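Reviewing the structure listed below.
Number of protein chains: 4
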Amino acid sequence: MTLRIGIIGCGYKGSDHIDRVANRINGATLAGVADIKQELAEKYAQKYNCKHFETGEELIESPDIDAIMVVTRPHDTHVPFVLKALEKGKYVFSEKPLSTSADDCKRVVEAETKIGKRLVQVGFMRRYDNGYRQIKKAIDEGTYGKPLLLHMTHRNETTVSDYYDNDAIVETAIHECDIMHWLVGSDYDKVSCFIPGAQTKYTHEGLHDPQVMTFDTKNGIHADLEVFVNNHNSYDINCEVVCEEGTIALTSPIFTQVKTQERAQTSIPQNDSFRFRQAFDSEIQDWVNGVLADHLNPTAPTTWDGLMACVAADALEKSRDNGFVKEPVVLPERPDLYKN
Amino acid sequence: MTLRIGIIGCGYKGSDHIDRVANRINGATLAGVADIKQELAEKYAQKYNCKHFETGEELIESPDIDAIMVVTRPHDTHVPFVLKALEKGKYVFSEKPLSTSADDCKRVVEAETKIGKRLVQVGFMRRYDNGYRQIKKAIDEGTYGKPLLLHMTHRNETTVSDYYDNDAIVETAIHECDIMHWLVGSDYDKVSCFIPGAQTKYTHEGLHDPQVMTFDTKNGIHADLEVFVNNHNSYDINCEVVCEEGTIALTSPIFTQVKTQERAQTSIPQNDSFRFRQAFDSEIQDWVNGVLADHLNPTAPTTWDGLMACVAADALEKSRDNGFVKEPVVLPERPDLYKN
Amino acid sequence: MTLRIGIIGCGYKGSDHIDRVANRINGATLAGVADIKQELAEKYAQKYNCKHFETGEELIESPDIDAIMVVTRPHDTHVPFVLKALEKGKYVFSEKPLSTSADDCKRVVEAETKIGKRLVQVGFMRRYDNGYRQIKKAIDEGTYGKPLLLHMTHRNETTVSDYYDNDAIVETAIHECDIMHWLVGSDYDKVSCFIPGAQTKYTHEGLHDPQVMTFDTKNGIHADLEVFVNNHNSYDINCEVVCEEGTIALTSPIFTQVKTQERAQTSIPQNDSFRFRQAFDSEIQDWVNGVLADHLNPTAPTTWDGLMACVAADALEKSRDNGFVKEPVVLPERPDLYKN
Amino acid sequence: MTLRIGIIGCGYKGSDHIDRVANRINGATLAGVADIKQELAEKYAQKYNCKHFETGEELIESPDIDAIMVVTRPHDTHVPFVLKALEKGKYVFSEKPLSTSADDCKRVVEAETKIGKRLVQVGFMRRYDNGYRQIKKAIDEGTYGKPLLLHMTHRNETTVSDYYDNDAIVETAIHECDIMHWLVGSDYDKVSCFIPGAQTKYTHEGLHDPQVMTFDTKNGIHADLEVFVNNHNSYDINCEVVCEEGTIALTSPIFTQVKTQERAQTSIPQNDSFRFRQAFDSEIQDWVNGVLADHLNPTAPTTWDGLMACVAADALEKSRDNGFVKEPVVLPERPDLYKN
Ligand SMILES: [Mg+2]
Ligand SMILES: [Mg+2]
Ligand SMILES: [Mg+2]
Ligand SMILES: [Mg+2]
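Residue numbers (full-length UniProt numbering), protein chains in the order written: chain A, 1 to 340; chain B, 1 to 340; chain C, 1 to 340; chain D, 1 to 340.
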């Protein structure tokens with residue numbers, strides 16, 4: 001059986017997923033697309049020889065679509081489509097963040113809990129990155145002793161012009177909001193967001209850049225995160241975990257080393273599509289495999305993970321707006337559905 | 001349309017390709033397997049829910065098989081299956097080397113030339129490796145000026161016990177026999193194979209280890225190659241191209257860096273399945289795409305490439321057996337079919 | 001003329017300096033040694049064929065000693081010797097920290113200011129390290145734009161057993177207290193010291209390990225510092241400066257790369273004597289050159305630098321003891337003598 | 001006692017040694033200089049406040065000079081000064097190569113053998129480089145098993161215009177002629193020099209560039225060497241020793257890593273003065289220590305080493321001029337004086 005996937009949202013990330021499903025994923029075909037911009041949906045439908053739907057709702061309801069990927073913008077448009085898919089009893093993949101509203105996330109938790117089965121996977125694709133997985137494995141196996149500290153950077157070369165302070169959190173740091181607690185296996189106690197006085201001249205009105213965030217987990221592990229989204233340099237994602245007997249750190253994917261003009265140099269990625277291509281592919285393949293097996297991978301990111309990241313993001317915003325002090329991260333009780 | 005692939009040969013490399021076609025390739029399904037060991041074919045047929053055939057010939061002839069992958073051992077068993085596939089007008093992928101006999105390679109050239117269309121792709125998967133491709137691109141674009149010298153190593157941690165001197169060439173150096181001339185875009189003038197006096201204690205009767213080979217192309221580019229297949233260390237593939245204005249060199253895929261016990265360290269692969277996983281996947285995907293389009297990628301390795309590597313390998317053997325002097329590499333005229 | 005140096009303190013660091021002056025410094029000789037342990041002074045005097053003095057005071061007063069190095073422990077014993085040397089009008093080098101008491105540092109400021117000439121150099125040898133100097137140069141020249149953030153680690157493999165929380169600051173972080181403001185050319189506004197809940201099992205009673213400190217300068221640059229002195233790994237000193245158009249980071253001195261057992265590895269130093277050998281040598285050579293020229297290098301660390309580090313250290317201690325909040329760093333007015 | 005050193009030759013390398021002896025060496029002073037260009041000698045004498053001599057002979061004979069460094073050009077001018085120093089019974093350091101004439105080298109062997117004591121040290125400073133020493137140590141201790149192969153490159157950014165094919169050997173490869181046999185502890189059996197057809201456009205009349213040389217030792221170890229002296233890139237010295245259980249390779253000295261413009265980069269040296277500064281300093285310090293002790297370090301490069309490198313260089317030239325075949329390296333019997 002081949003899984004017929006429908007994708008809602010044909011923008012930057014959506015088109016990347018369209019290409020992925022059509023050309024790189026095993027066991028699935030691109031069956032339909034939809035976008036609020038009709039002509040965009042039509043363009044991709046034509047290019048990939050699949051159906052286009054006037055609305056996401058129609059795509060979800062179509063008997064020709066087995067499973068749905070929601071890749072719409074702004075992020076708060078995800079949840080209505082996710083809820084609709086749940087209503088139809090269809091598997092749905094939502095890009096991250098699930099929402100920027102914790103209440104909306106909770107609505108999905110409720111709907112899915114009522115169904116009693118995980119139908120939603122959230123796009124925290126870093127969990128599928130070979131580097132993060134090696135780190136997670138080393139932590140889980142205690143290869144270098146227990147983890148004590150994490151140092152992370154999330155650096156982008158540049159941003160779009162309508163990217164503001166909240167985006168530094170819900171669009172960017174959201175990845176670390178998910179990955180940090182996942183790596184160490186402990187929920188957050190407190191987080192903070194600090195805006196240093198020294199700011200890059202390459203930023204714009206409404207965006208403080210760089211920013212420094214911290215995460216403290218309930219078991220006492222401390223992480224710092226540099227968010228610097230106009231670093232005028234590269235997409236430079238770093239994560240070093242300091243353990244009792246050694247450290248383990250991400251490296252960027254490189255294929256060659258060049259020596260020229262008195263320099264030995266390796267490239268650093270420009271963007272996430274390149275940096276995390278392996279992770280994106282593995283993520284979607286894992287989701288497809290899960291849907292085909294009618295049982296999502298228990299370690300895949302859930303609605304609950306979407307909620308946790310959202311609550312942490314809210315606390316970061318609060319800290320940023322309230323003198324940079326550490327803010328508690330308060331979660332409701334975790335339903336049984338989300339206990340592995 | 002989904003391509004129905006049949007795989008002949010279910011050994012080490014065959015099973016790797018079985019897993020690949022079944023789980024990682026887009027647009028194809030594993031439709032059948034065959035192996036000289038019936039029970040092996042049955043095992044994989046059962047595991048992957050596909051047909052098994054008593055013989056490779058039956059698999060090739062089956063109307064349920066659209067295209068064939070030949071992954072049999074020893075290498076001289078490839079050509080008969082390839083010729084059979086050509087007879088049936090089916091696309092066929094042959095693992096490298098196409099053959100260890102130049103005459104056998106020529107037979108495939110003849111058969112394919114008669115058909116007048118490329119139906120064969122040979123498994124020189126390094127051409128699909130991101131690293132080699134970056135090097136090729138830099139050479140083609142003259143990024144660092146024209147290439148002058150290449151330094152290559154082909155190191156394996158260990159070998160099977162029935163691996164002998166000829167295997168150092170036809171099984172191992174055969175990759176460099178293909179990749180070196182492909183990178184620089186010039187045929188070989190002469191090659192040599194030298195066996196130094198200092199040999200590792202980890203080798204066995206019938207295998208000199210390490211060996212040093214050289215390649216000189218018709219346009220004067222010189223390459224040296226260390227073949228060291230019991231290096232007791234790692235699968236360490238290196239290729240540095242020295243150009244007029246800089247050098248470019250392969251790096252091994254790594255995902256993390258570890259600091260522990262007073263060392264900063266990164267892993268080196270143990271084997272080719274890991275080191276070249278991206279290359280193997282891209283290779284087979286490219287082949288599948290070509291077959292589906294009824295037009296193999298013109299830059300994919302051809303029967304002619306299989307012959308060229310085989311002729312170079314023969315000259316290496318001759319040099320090794322005749323005092324290590326440089327031996328000419330003599331090719332027949334290249335048929336139009338193999339001119340890009 | 002050859003400078004006759006007397007060294008007070010023949011312990012771990014003292015003996016290192018004794019060896020340095022006797023064997024690696026140009027233009028100076030080891031003329032005398034003193035230690036509170038007579039037999040230690042005698043031992044070194046015999047080994048290096050120089051005088052030994054019963055007390056540091058006698059060494060300072062001796063007409064056979066031109067200039068003095070104070071390398072005594074505990075650190076609060078430095079200032080009395082430094083003041084004595086000033087009294088005698090002799091140049092004096094004090095190991096870092098000048099003192100752990102800001103008041104004691106101020107006494108030296110007063111004495112030296114009264115003389116009206118810099119006679120004291122403080123042992124912040126990192127300023128002489130090739131790596132830090134390259135970073136400083138890049139910042140000063142704006143090679144990568146203005147500095148925004150610094151990420152630093154100060155990791156030791158292990159500590160002596162009588163090393164406690166205060167030592168994490170006055171013995172260890174004191175280096176960063178000096179180097180951070182020197183690199184960016186701005187005084188401290190506030191600092192903080194945080195003790196995370198997750199602690200290494202390799203620490204001992206009275207020492208929290210690791211600790212995380214922050215520094216904010218008056219011009220808004222933010223730095224974080226991991227102090228981890230029982231990291232069970234290596235002496236791993238890192239400093240990455242994030243600028244507007246790139247980052248520049250220290251590397252450890254390495255001389256070879258090894259590939260073995262599936263790892264590519266480079267060593268990380270075990271201790272500061274090895275890691276900063278070039279810096280220690282350059283530092284003492286610079287001091288000797290300054291003394292011989294009767295004019296200390298204006299960029300060499302001064303009494304004022306000793307005071308600044310001490311005041312920052314006091315604020316770090318206060319933060320650690322008062323809920324980890326940022327504490328202001330308050331300095332008296334800088335006398336003209338210490339303006340470059 | 002302070003050693004009074006006289007330096008003959010105030011050119012590029014001579015002035016580097018003048019600076020070294022005057023400012024960085026312990027236990028010695030620069031007492032006199034001489035150069036065939038009087039005004040150059042006068043200039044340095046004035047700058048460093050030492051004597052200047054009209055001729056090298058006068059410098060050697062002067063009672064104010066204890067030991068002599070010969071840094072003259074062309075290289076064939078070394079031996080007469082060395083012989084003169086031996087005549088006066090004074091220690092003498094000769095820059096490499098001792099000579100380009102094996103007969104001249106033998107004359108020094110004879111003179112020194114007659115005296116019966118080593119008074120000559122030859123400037124093969126790489127033996128003092130931390131990297132080469134780590135490699136030598138690993139080989140001697142068998143850390144990675146016995147050595148089997150060496151891969152070396154000797155790359156310069158550019159050359160002076162009167163540098164020709166012979167210089168590629170006697171000026172450049174001479175370093176590897178010395179270091180290769182020293183590392184593995186075995187004399188040469190055969191060497192070869194090959195000029196590939198592909199040549200850089202940055203070379204000039206009379207200089208083939210690049211060239212490829214090989215060295216085979218009597219115990220069967222094989223080395224290849226790329227000599228590329230107009231590589232338009234950097235002074236890039238590499239040496240990888242392939243052993244039975246791992247490889248060990250030189251790295252270039254670096255102090256920082258920079259990330260900018262989508263590249264992570266480290267510098268490669270421009271010239272030998274920077275690359276081997278530590279080695280030059282250690283070399284001269286070791287020589288000074290040896291002279292002061294009236295017993296040169298037994299492991300310091302001797303007249304015999306000068307002869308060996310010269311004989312290997314002659315064989316390389318012969319190979320280059322005679323069809324690139326391997327040429328035997330024939331040494332006279334080693335006098336007892338040069339057995340350690
Ligand atoms: Mg929110
Ligand atoms: Mg053959
Ligand atoms: Mg204090
Ligand atoms: Mg000669």
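Beta carbons: idealized from backbone N, C-alpha and C, even for Gly. Computed from a prediction, not measured in an experiment: that's the story for all the values here.
Mapping DSSP to helix, strand and coil, what is R155(B)?
strand
In angstroms with no decimal places, state the Cα-to-Cα distance between E112(C) and N231(C).
40 Å
To the nearest angstrom, how far is the alpha carbon of V109(C) from that of I284(C)?
22 Å
For K190(A) versus P332(A), is the C-beta distance shorter than 8 Å?
no
K96(D) versus K137(D): straight-line alpha-carbon distance, rounded
24 Å
Would you identify the three-state DSSP class for Q38(C), choosing helix, strand or coil?
helix
How big is the Cα-Cα spacing for V288(A) and F93(A)?
10 Å
Under 8 Å between C-beta atoms, does E226(B) make it to chain A?
no
Uninterrupted beta strand (DSSP E) stretches inside the region 67-95 of chain A (no shorter than 3 residues):
67-70, 91-94
Quick one: does P210(D) have its CB under 8 Å from some CB of chain B?
yes
List the residues of chain A whose Cβ lies closer than 8 Å to the Cβ of K259(D), in chain order.
N233, S234, D236, I268
Evaluate contact between the region 65-73 of chain A and the region 4-14 of chain A, counting only Cβ atoms and requiring at least three cross-stretch pairs below 8 Å.
yes
So Q265(D) contacts chain A; which residues on that side make the cut at Cβ distance below 7 Å?
R263, A264, Q265
Run the CB neighbour count on D103(D), radius 10 Å, all protein chains shown included, and call it buried at 16 or more, exposed below.
exposed
Nearest to V33(A) by alpha carbon, out of G56(A), I25(A), K13(A), N26(A)?
G56(A)
Give the range of the alpha helix (DSSP H) segment to which V21(A) is assigned.
12-23
Compute the distance between the beta-carbons of L150(D) and V227(D), then report whether it is under 8 Å.
no
In chain order, which continuous runs of the alpha helix (DSSP H) of length 4 or greater are located wholly inside the region 236-324 of chain C?
272-275, 277-292, 303-321
Chain D residues whose Cβ lies nearer than 8 Å to that of N26(C)
A22, N23, R24, I25, N26
As an exercise, report each continuous beta strand (DSSP E) stretch of at least 3 residues that is fully enclosed by the region 181-224 of chain C, in chain order.
188-194, 211-217
Inspect the beta-carbon positions of G290(B) and A300(B) and report whether they are closer than 8 Å.
yes
Cα separation between L3(D) and E141(C)?
41 Å
For I221(B), return the contacting residues in chain D, with the cut-off set at a CB-CB distance below 9 Å.
P196, G197, A198
Coarse secondary structure for K137(A), derived from DSSP in three states:
helix
Bridge partner(s) assigned by DSSP for A45(A)
In the DSSP output, where bridge partners are listed per residue, A45(A) has none listed.
Are the Cβ atoms of I139(B) and L183(B) separated by less than 8 Å?
yes
Report yes if the CB atom of T251(C) is closer than 8 Å to the CB atom of Q257(D), and no otherwise.
yes
What residues are listed by DSSP as bridge partners for I179(B)?
Per DSSP, none; premise fails for I179(B).
Buried or exposed for M1(D), going by 16 or more other Cβ atoms inside 10 Å?
exposed
So H151(A) contacts chain C; which residues on that side make the cut at Cβ distance below 9 Å?
H151, T153, D224, E226
In this structure, does DSSP put V229(A) in helix, strand or coil?
coil
Contact check, G246(C) vs N238(A), beta carbons under 8 Å:
no
Given a threshold of 16 other Cβ atoms within 10 Å of its Cβ, counted over all protein chains shown, does E87(D) qualify as buried or as exposed?
exposed
Can you tell me which residues form a DSSP beta bridge with R107(B)?
DSSP lists no partner for R107(B).
Where S161(D) and L316(B) are concerned, what is the direct C-alpha to C-alpha distance, given to the nearest angstrom?
40 Å
Tell me the rounded alpha-carbon separation between T260(B) and T159(C).
17 Å
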